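Residue numbers (our numbering), protein chains in the order written: chain A, 55 to 420; chain B, 55 to 420.
So the structure is just underneath, and the comments pick up after that.
2 protein chains.
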Amino acid sequence: MKKRPTIEMVAERAGVSRQTVSNAANAPHRLRPETLKRVLGTIDELGYRPSHAARSLRTRATGVIGCRLLPSNYGGTGGVLDRLLHALCDAARASGYNVLAFSVGTDDEEIGVFDDLLRRNAVDGFVLANTHHGDVRPDWLVDQGARFVAFGRPWGVERPRHSWVDVDGASGTSEAVNHLAGLGHTRIAFLGLGEGNGVGDDRFHGWQRAMQDLGLPVEDLVARADDGIASGKALADQLLDAPQAPTAFVCVSDAMALGAMRCIQDRGMETGRDVSVVGFDDSPVASVITPRLSSVRQPVEGVAHKLVEILLSELSGTHRRPSRVLLAPWLVRRDSTGERPSTGYAATQKGAASRRGRRQSKSPST
Amino acid sequence: MKKRPTIEMVAERAGVSRQTVSNAANAPHRLRPETLKRVLGTIDELGYRPSHAARSLRTRATGVIGCRLLPSNYGGTGGVLDRLLHALCDAARASGYNVLAFSVGTDDEEIGVFDDLLRRNAVDGFVLANTHHGDVRPDWLVDQGARFVAFGRPWGVERPRHSWVDVDGASGTSEAVNHLAGLGHTRIAFLGLGEGNGVGDDRFHGWQRAMQDLGLPVEDLVARADDGIASGKALADQLLDAPQAPTAFVCVSDAMALGAMRCIQDRGMETGRDVSVVGFDDSPVASVITPRLSSVRQPVEGVAHKLVEILLSELSGTHRRPSRVLLAPWLVRRDSTGERPSTGYAATQKGAASRRGRRQSKSPST
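Here's what the structure looks like:
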C-alpha cells in the first residue's frame, strides 16, 4: 500500500514551507499566483488530502453532522432511529448545527459516503448508528482522523478508540421483569433475537439477571428468532404450548410483542387479563393498539443531546479521551400487563372487573 | 429598504470588470493579490452576496439538498413526512446528492435557516414541505434566486412561480367512497379538518364529488375538527348519535380513523362488520391494529423521485418553466371496511361469517 502523502511531502516537493501548503488550501489569496499554481499542482500530483480532523479543528467550517438514515422498521427498532433523527436535528440546531442524512444499503457503502463527504469537507463529523459485532466503520473513521460519536456500544471490542452513547437495554428488561413479578407473575418468558446480536443479548441479560435475582425459573422460558410480528407470534405459540406455559412475555421489541398479542388473541385469550406482554422501544403503535402495549421507552432526546455534546466538544479539541455514556430507559405501563390470573388462563372475576374499571376510566363518555 | 448590492456595483466601486469580481469569489488564484484584496474589501464593504442560483449553476458544489424535518405526528400526516425523508434520501443518493435535514419550529425560523445555508453555500437547493395558505416561504426563496421544489400545492396562489409535486388527495377519498358504495353503503360520512386547510379541503372535495356523482346524500354527513384520535372519536360519536346515522366513515387521516374505530368499539360494535372505516396515509399503525385499517396510501417514493428529478433539472439550468406534478394515491383495502349490515347495526349472520372467513385465511396456524 502506498504511504498516504503528508503536508511535509508536498512542501518538500514544491520547495515551500508547510504553512504555504496550508495556505494554498485555506487562504489562497495570501499566496502569489505562481506559488499557488505550483503548490496546487504538487497537491494534485501527490494526491495529498489535508487531514480532515485538523481542518475541522481549524475552520469548523460546515456546521454539519453526517448521519446515515437507516430503513424504517416500524414496530422494530427503526422507529427509534427515526425518533433519534428528529431529536438529533433538534439538539444539533440548538448548537447551530444541521444534520446531513444519507441512505445507503451496507456498511461498505456507508464508508464510501463518509469518504466522499470528508473529501469534499462537507461535514464536521458523524453520528454512527446501529453498531454491531464486527463493525468495521469505527476503525475506518478513527484511521481517517474523522470526528464521530457512535449511538450504540462497540460490541465485541475491548478497547474502543472512539466515544459512544447507548441505552442500557438490560436495565429496561429488568424493570419489565420486576413490574410483572410485582403483579404476581412467576413464569415470565423472554422473546428475543438470535444470539450474537449486541442489542438483543443485552436485553436478554437484563431479563435473565432480574429473574435470577428474584429466584424465578428461567428454564424453557426463552425463545429466539429474527425480529418481526410473525416471529413473535410463532415464538409465543411455541411457549404457550408447553406444559408449564408462561403467564407473561418480556419482548426484545414491540414487533415481537405485537406478535405475542396476536397469538394470545387467536387462542381466544385476552392480553393483559390472561397473559401479560411487555414490548421494547415504545413505538408509535404501542399507545394506539387495543389493549395499549406496556413498553420500555428509550430516552432518545437524552441520547441525541449527549451525542451532540460529545461530538462538539471533540470538534472543539477540548475533549481528548473517548466518552462512554449509558442512559437508562424506563417502562411505560399500559393495559397489556395485568395481575397474574389465579387459575391458569381462566379469566378471574377479579381480573375482568379490574380491566373493566380501567377501560371505563379512559372512556368517561361511554 | 436598501437596494441589494449587485455584482455591477462592486465592479464599479472597485474599478474592475464584472468578471474580475466573479473570479474573486470563484477562482481567486487568477487574480493578483492586490486586486483580490481590493475586490474582497469592496465585497465586504457593500455586503455583496453572489446570487445563489447563479453560483449553484456554475459550481453545483455542494451536492446537498436542504429539507426541514417536520415533527413526527404518527397516525397523522407526520408519518408520511418521515417516509418522504427516507424516500428523498434514496432518490437523492441515486443522483449523488445528500439531504441536509434541519428542525425548526416556525416558517420564519425555517427562512432563517434557508438564509444561513444559502449564505454559507451549504446546499444547492431545497425541498419545501407542508405548504399551506398564506405560505411566505416560496416567495422568499424565489426572490433570493434559490432553487427549490415544493411538496404540496401552492394553496391559494393563482400563479405560482415555483415547481411543485403533490398527491391528489381528492382522488384518494373518491376511491374510498366508491369502494364503500360498492359494498352497499349509502350513508358514508366524512371526518375532516377545519375549512381552510388545503390538504383537508382537497380530501373533502374528493369525498363530496364522489358522493354527488353516485347520487348519494351529503347532508349531515360531514364533521370537522383538528386532527387527532380524540377528535376522530368525538366526531364519530356525534354522527352516530344522529337519527340517520352513517354506516361508513371516510377519514381525512389515520388518526381520525383510529378515533372512529375506538368510538365504534366503545359502542359495543365492530369495525368492518357494523360500521366501516377508511383512513388516509396508511401510517405504520394501519396494518398492525385489529381490525387492520383500510387506508389511502400516498406514493411517497414517486413523489421523492419527482422532487429530485425536477430540482436537479432546475439546478442544471435545463428547466425553465415551473413544473406541476400531481400523483394519484391508492386505497389499501384491509379489514376495517365490509359490506353494509342489512339492518342497522345488527351483525348479520352473513357479515359475521365472512369476517370469520377472512380471519381464518390470515391465520392458518390457529
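Positions of the beta carbon are idealized from the N, C-alpha and C atoms, including for glycine.
From a predicted model like this one, the values you see are computed outputs, not experimental measurements.
- Glycine 392 (chain A) and glycine 326 (chain A) do touch by the CB rule: their CB atoms are close to 4 Å apart, below 8 Å.
- Under the Cβ criterion of 8 Å, arginine 346 (chain A) is not counted among the residues facing chain B.
- Assignment of beta strand (DSSP E) within the segment 120-165 of chain B, counting only whole runs of 3 or more residues, yields 152-156 in chain order.
- Going by DSSP, glycine 226 (chain B) is part of no beta strand (DSSP E) but of the alpha helix (DSSP H) stretching over 223-236.
- Spanning the alpha carbons of alanine 314 (chain B) and proline 214 (chain A) requires a straight line of approximately 52 Å.
- Within the segment 292-343 of chain B, the runs of beta strand (DSSP E) that reach at least 3 residues and sit entirely inside it are, in chain order, 302-305 and 330-334.
- Across the segment 150-177 of chain A, CB contacts with chain B closer than 8 Å involve Asn152, Val153, Leu154, Ala155, Phe156, Ser157, Val158, Val167, Leu171, Arg174 and Ala176, in sequence order along the chain.
- Within the same chain, Ala277, Gly286, Leu289, Ala290, Phe303, Cys305, Val306, Met310 and Ala314 come within 7 Å of leucine 245 (chain A) by CB-CB distance, once the 5 residues on both sides are set aside.
- Annotated three-state conformation of aspartate 220 (chain A) is strand, per DSSP.
- Chain A has no Cβ within less than 8 Å of the Cβ of glutamine 73 (chain B).
- At least 8 Å separates the CB of leucine 289 (chain A) from every CB of chain B.
- Taking C-beta atoms under 8 Å as the contact rule, histidine 140 (chain B) and leucine 123 (chain A) qualify, at a distance of about 6 Å.
- Take threonine 240 (chain A), set aside five residues on each side of it, and the residues of its chain with a beta-carbon closer than 6 Å to its own are Leu270, in chain order.
- Inter-residue distance for glycine 223 (chain A) and serine 149 (chain B) is about 38 Å (C-alpha atoms, whole angstroms).
- Taking all protein chains in view, the Cβ of glutamine 73 (chain B) is surrounded by fewer than 16 other Cβ atoms within 10 Å, so the residue is classified as exposed.
- Chain A places no beta carbon closer than 8 Å to that of proline 353 (chain B), leaving this residue out of the contacts.
- Contact annotation for glutamine 319 (chain A) against chain B: Thr344 [CB-CB distance below 9 Å, chain order].
- When the five nearest sequence neighbours on each side are left out, the beta carbons in the same chain lying within less than 8 Å of the beta carbon of alanine 65 (chain B) are those of Ser71, Arg72, Thr74 and Val75, in order along the chain.
- In the same chain as glycine 117 (chain B), and ignoring 5 residues on each side of it, the C-beta atoms closer than 8 Å to its own belong to Gly150, Tyr151, Asn152 and Asp178, in chain order.
- With respect to the 8 Å criterion, leucine 275 (chain B) and alanine 235 (chain B) are not classified as neighbours on the basis of their beta carbons.
- Contact annotation: the segment 190-209 of chain A does not touch the segment 340-353 of chain A, with fewer than three C-beta pairs closer than 8 Å.
- Residue A:His186 holds the alpha-carbon nearest to the alpha-carbon of tryptophan 209 (chain A) among A:His186, A:Arg321, A:Thr344 and A:Pro376.
- Along the segment 210-240 of chain A, there is no position whose C-beta sits under 8 Å from a C-beta of chain B.
- Setting aside the 5 residues that flank it on each side, glutamine 292 (chain A) is surrounded in the same chain by Ala277, each with a C-beta closer than 7 Å to its C-beta; the list follows chain order.
- In this structure, the straight-line span from the alpha carbon of valine 332 (chain B) to that of glycine 282 (chain B) is close to 15 Å.
- Rounded to the nearest whole angstrom, the C-alpha separation of glycine 226 (chain B) and alanine 284 (chain B) is 23 Å.
- For tryptophan 209 (chain B), no alpha helix (DSSP H) segment is defined, and its DSSP state is neither H nor E.
- For aspartate 197 (chain B), there are no C-beta contacts with chain A under 7 Å, since the nearest C-beta of that chain is about 23 Å from it.
- For glycine 206 (chain B), same chain residues with a beta-carbon under 7 Å away, outside a window of 5 residues either side, are Ala183, Asn184, Thr185, Trp218 and Asp220 in chain order.
- In the three-state scheme derived from DSSP, where H, G and I count as helix and E and B as strand, leucine 195 (chain B) is classed as helix.
- Partner residues in the beta bridge of glycine 179 (chain B), as assigned by DSSP, are B:Ile119.
- In the DSSP secondary-structure assignment, phenylalanine 202 (chain A) is bridged to A:Phe180.
- Here DSSP, grouped into helix, strand and coil, assigns serine 285 (chain A) to helix.
- In chain order, Asn77 place their CB closer than 7 Å to the CB of arginine 84 (chain B), counting only its own chain and leaving out the 5 sequence neighbours on each side.
- When secondary structure is reduced to three states using DSSP, arginine 387 (chain B) falls in the coil class, being assigned neither helix nor strand.
- For leucine 369 (chain B), the uninterrupted alpha helix (DSSP H) segment begins and ends at 354-369.
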